[in-house]
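Following: one structure in structure tokens, then a few remarks.
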């Protein structure tokens, strides 16, 4: 074990929390400047581990707390020990810490001073015992050596060294025991003197007691006669009182008998009132449910059906008007469409009529234009030739020009043929596109107006209508379920109130703890989710008793009716643990697996019907037979109490009458009045059980109804989803049809455009064909000219041709003009017809057709189908409305009947109450008479009790003494009693306890004699103990001195190898003149007698001296007083180390132990401590570097701003600090 960590906070100069951690288990050095706080560090450890700071005053506590700036209210020092070998024994209740660490903390304030072990408050003695268990003693002054103790030991006298040896031995404990023994000796002497004094007083008392005994005997004789006279007088008066009471009882019984008929009538009235009140309460509850729930639900349902019928009629009317308007609008649209169709046909006929002429004129116009262009081209060629030929001089120039023209024409002809081929290709593409568009138009038309699309729409419409109808049915079904749920909820609330009321009534019959316990058992069973076969309930709920025997079962069962029946004792234990944990009351359990029934129970024979076993009148489940027999199995129902007592005693059973009077097998009888009108526990438990059963049934039914509502909700969601899906599907189809119509219109427009493009290509192709033909003719003409002779003018044929061309051009132009004018008029007519068709008639026709298509047969069919569905729904609603009216009328009729019945019951109740009041008035008069009798009887009974008490006070008397005065009259007895009283009054101050006192004082004398003998023995044993303690102390001093002396010589020779030293103990009889005489005292002790050993240490020894030699082991030795200061310090250090070696501690603390040593001795001391630190921990402070060379850990104390702190440094840093702060460190 060693110190691992020290934590200082608020202690002297250590204001802040300072942690010095990771101490070495061997050798540790603490360095620091003067005034930095090294000594305060050692003081902090001594504050916890020594007795130097015990019993502190307020001023001393104030001095330990840091006094700098800031508010420091307390100081604490915590020392953490590392105990891997588990040498420390912790006090009981202190838990061990992890890592084998033990925390010891002491905290001091102005008003507190406490210790803690592992964060638990303990006393200082606990800390002391814990440290002593590990080998560290606070009483040893040299385990922790502060500054100055070395010097004090150096200058110590021989007597002081002897005292030091006694402290090492533990002389204090011997002194304490010795003082305690001497104290006991003084107390024994005092007690012995006190006993002698008491004995002297006791002898005088005994003489007085003898006189008092004689006087007491005469007094007892007079007192005996007085009691006889008193008893005789009291007995005669008591007999008179008893006779009067018996006469009063007869009169009272006659009065009670005469009022018996009225009481029976009153009981019947009470029973009838209870029954009527119960029926009235049930009627009010049922009427409340009828009025608040069923009537309101019926009205709501009727109102809802009426509203739905009205809304449905409005919808049907609206739909029928829509159908009618649609039919009317359809007829108007069909008429308009017919008119427009006729107009379109008329215009189309006109177009068809003029179209051939238009085509013909168009072809003629094209032909005339082509011919005109051809003639004009020929004319231009001839004119060009005429002009060109005039410029040529030779044939070669002409041929060259012609050849050039032929080449140009051939190029042009090639381009024209390419254009012609391109046109043919484009016409082929247009034909293909037209064919594709025709197919697409046919396909779109089929998709829009085909039988498949219409059939699909009709199927969807039919399916959608059926789904909507199913949705309506589901909604109606859910509404009906909601009404049922609301009704069940109302019933459940009423039943819940009944359960609470029943529970309250049952609770009133038991204690609060029992009521809480039964309630908690139910909660625990639900919380722990115990199976149904574990907790069965109270015993009273599990049995059924005939009304005739209900009072018997009630009395016998008592609180056992509230015992909880469970399956096993494990279940009972589990619930009891939970009851204890949640503080839920107390309950008695009957575990069926542990209940024992005596199989040897014998019931008496029922020959004269005088008795019957009670358990035979109780019905129960066979599972609970053990529990029922446990309570009721040993009881029989007897005809009367006397018979019951006889049977109970004979058959060792308990007996009970039908009136509830009991007789047990031990002979005790129990009986008395029972309130006939008070509800029994069994009735209340049965009522509670029925209420709970009804509550569970309603809860189950309500849960089932809610499950049905959830199912119907899910079904409605499914139907609703199907409806949305069908609607979305229908909407998708209609949207697709609209999209297809738009595509169809676009395709038709595209077809018209392609047809117009085709027509333009045809015209363009004809023009290109004409140009090709003209170019070929030109080439042919040029070729012919090449074969002709050169002439710079046109030939006559050419000139004639030119002239003919001019007339032909003029004719052709005239024909073209006439044709164009005819074509223009025809074109205007066609454009007007087309404009009328395309801009007016055809759009109107399309609009009307689309309108008729959109709102056609399918739409009307849908409306008619919806109307049909609504008519069916209306029929259903009409039926439901009729049924609802019937239900409403039925409920109202029931409410009227129940109201009338309630009024009749109230009248009956009022009548019964009036009759009961009349009976009560009659009984009141009987009661007054009975009360008069009872007052008289009570007075006489009180006198009877008084006389009986006086007779009991007189006590038992002899029979012959009583009979001797029977012939005297009461007057004579009274005179004799007066005379005896006067004689007794003359005997004043009679000690009635004289006999007892005499016996008591005699016993006390014997006791004092015994105590005196014991005190003598105790005195002898105490004297022997004192002798043994003195002998033990002397032996301990001798033994310790031998060890210290041997260790001192060994350590000194280690410190001073050339020298030697020894310790010498001196007796008081020694008168030596030679201090170096080694035979001064023989410490072997073998030849000393008991007399010398019985003396104390102070009586035997005068002191301990030191004899040393520093230069030689054989030279004459010197006493320590003759040495130098350094040599004295070496001796003191050697002595301290020798003392420590006697009782090794786990750790030591030295504060500047080498301060006064020379260099050679400092090195020897450092080496010795290094050697000793292998088996113990050393924490030292020093200003020298010798210890630094051999130590393991180094810590430096710093002082800044009046606050000390401690940091860990290495060996080099520590040596540099020492050398820097102390220039004489190496000297």
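Residue numbers (UniProt numbering): 1 to 1227. No residue lacks a Cβ here, since even glycine has one placed at the ideal position from N, Cα and C.
Q) Grouping DSSP H, G and I as helix and E and B as strand, with all else coil, what is residue 514? A) In the structure shown, residue 514 sits in a helix (DSSP, three-state: H, G or I).
**Q.** C-alpha gap between residue 624 and residue 507, whole angstroms
**A.** Taking the straight line from one Cα to the other gives about 24 Å.
Q: Quick one: grab the DSSP three-state call for residue 1066.
A: Strand at residue 1066.
(Q) Taking the straight line between their C-alpha atoms, what separation do you get for residue 944 and residue 239? (A) Roughly 9 Å separates the two Cα atoms.
(Q) Which of the three DSSP states is assigned to residue 965 in this structure? (A) If DSSP states are grouped into helix, strand and coil, residue 965 belongs with coil.
Q. Going by other Cβ atoms of all chains shown within 10 Å of its Cβ, with 16 needed for buried, is residue 697 buried or exposed?
A. Exposed, because fewer than 16 other Cβ atoms sit within 10 Å of the Cβ of residue 697.
(Q) For the alpha helix (DSSP H) containing residue 1191, name the first residue and the last one. (A) Note, residue 1191: premise wrong, no alpha helix (DSSP H); not H, not E.
Q. By Cβ distance below 8 Å, which residues in the same chain neighbour residue 22 in space, the five residues on each side in sequence not counted?
A. Only 4, 5, 1193, 1208 meet the Cβ criterion.
(Q) Measuring only from the beta carbon, is residue 435 closer than 7 Å to any heavy atom that is part of the ligand MG? (A) Ligands displayed in this structure: none; no statement on the ligand MG is therefore possible.
Q. Taking DSSP as the reference, what is the three-state secondary structure of residue 1088?
A. Interpretation of residue 1088 is limited by its pLDDT of 45, a score under 50 that renders its predicted location unreliable; no figure is taken from the coordinates.
Q) Is the beta carbon of residue 1146 sitting closer than 8 Å to the one on residue 2? A) In this structure, the beta-carbon distance from residue 1146 to residue 2 falls below 8 Å.
(Q) Taking the straight line between their C-alpha atoms, what separation do you get for residue 590 and residue 544? (A) Spanning the two alpha carbons is a distance of roughly 18 Å.
Q) Going along the chain, which residues of its own chain have a beta-carbon closer than 6 Å to the beta-carbon of residue 482, five neighbours each way excluded? A) In the same chain as residue 482, and ignoring 5 residues on each side of it, no C-beta atom comes closer than 6 Å to its own.
Q. Skipping 5 residues on each side, what residues in its chain have a beta carbon closer than 6 Å to that of residue 120?
A. So the list reads 94, once near-sequence residues are dropped.
Q. Roughly how many angstroms separate the alpha carbons of residue 1048 and residue 1061, rounded to a whole number?
A. Between residue 1048 and residue 1061, the C-alpha separation is close to 7 Å.
Q: Would you kindly work out how many angstroms separate the C-alpha atoms of residue 513 and residue 540, rounded to a whole number?
A: So the two alpha carbons sit approximately 18 Å from each other.
Q | With 16 other Cβ atoms within 10 Å as the buried cut-off, status of residue 650 | A | Label assigned to residue 650: exposed.
Q: Can you say whether residue 298 is buried or exposed, counting buried as having 16 or more other CB atoms within 10 angstroms of its CB?
A: Answer is buried; the Cβ neighbour count reaches 16.
Q: Would you mind sorting residue 455 into buried or exposed? The rule is 16 or more other CB atoms within 10 Å of its CB.
A: Counting of Cβ neighbours within 10 angstroms places residue 455 among the exposed residues, the total staying below 16.
Q: Going by DSSP, name the residue or residues bridged to residue 76.
A: Partner(s): 9, 107.
Q | Classification of residue 598 by the beta-carbon crowding that lies within 10 angstroms, buried from 16 upward | A | Classification of residue 598: exposed, given that the 10 Å Cβ count is below 16.
Q: Identify whether residue 1175 lies in helix, strand or coil by the three-state DSSP scheme.
A: Coil at residue 1175, not helix or strand.
(Q) Please return the same chain residues whose Cβ sits closer than 8 Å to the Cβ of residue 593, not counting the five positions on each side in sequence. (A) Same-chain partners within the cutoff: 567, 568, 569.
Q.
Are the CB atoms of residue 55 and residue 1179 within a distance shorter than 8 Å?
A. Cβ atoms of residue 1179 and residue 55: not closer than 8 Å.
Q. Where do the ends of the beta strand (DSSP E) carrying residue 120 lie?
A. Element bounds for residue 120: 120–122.
Q.
For a quick check, are the C-beta atoms of residue 1161 and residue 1130 less than 8 Å apart?
A. In contact: residue 1161 and residue 1130 (Cβ atoms closer than 8 Å).
Q) Would you call residue 596 buried or exposed, if buried means 16 or more other Cβ atoms sit within 10 Å of its Cβ? A) Taking all protein chains in view, the Cβ of residue 596 is surrounded by fewer than 16 other Cβ atoms within 10 Å, so the residue is classified as exposed.
**Q.** Opening and closing residue of the alpha helix (DSSP H) in which residue 1105 lies
**A.** In the DSSP assignment, residue 1105 falls outside any alpha helix (DSSP H) and within the unbroken beta strand (DSSP E) covering 1101–1109.
Q. Is there contact between the stretch 474–488 and the stretch 710–722, where contact requires at least three CB pairs shorter than 8 Å?
A. Touching, yes.
**Q.** Minimum C-alpha distance to residue 769 - residue among 370, 43, 529
**A.** Among 370, 43, 529, the Cα nearest to that of residue 769 belongs to 370.
Q | Straight-line Cα distance separating residue 1066 from residue 1072 | A | With a pLDDT of 42 at residue 1072, under the threshold of 50, the predicted position of this residue should be treated as unreliable, and no value is reported.
Q. CA-CA distance, residue 1092 and residue 1031?
A. At residue 1092 the pLDDT is 47, less than 50, meaning the model places this residue with poor confidence; the figure from the coordinates comes in the next sentence. Each residue's alpha carbon lies about 9 Å from the other.
Q.
By DSSP's criteria, residue 1119 is part of a beta bridge. Which residues make up the other side?
A. The partner list for residue 1119 (beta bridge, DSSP) reads 1107.
Q: Within 10 angstroms of the Cβ of residue 438, are there 16 or more other Cβ atoms? Answer buried if so, exposed if not.
A: Around the CB of residue 438, fewer than 16 other CB atoms lie within 10 Å, so the residue is classed as exposed.
Q) Under 8 Å between the Cβ atoms of residue 898 and residue 290? A) Taking a C-beta distance under 8 Å as the contact criterion, residue 898 and residue 290 qualify as a contact pair.
**Q.** Inter-residue spacing [alpha-carbon to alpha-carbon] between residue 448 and residue 442
**A.** Computed Cα separation, rounded: 10 Å.
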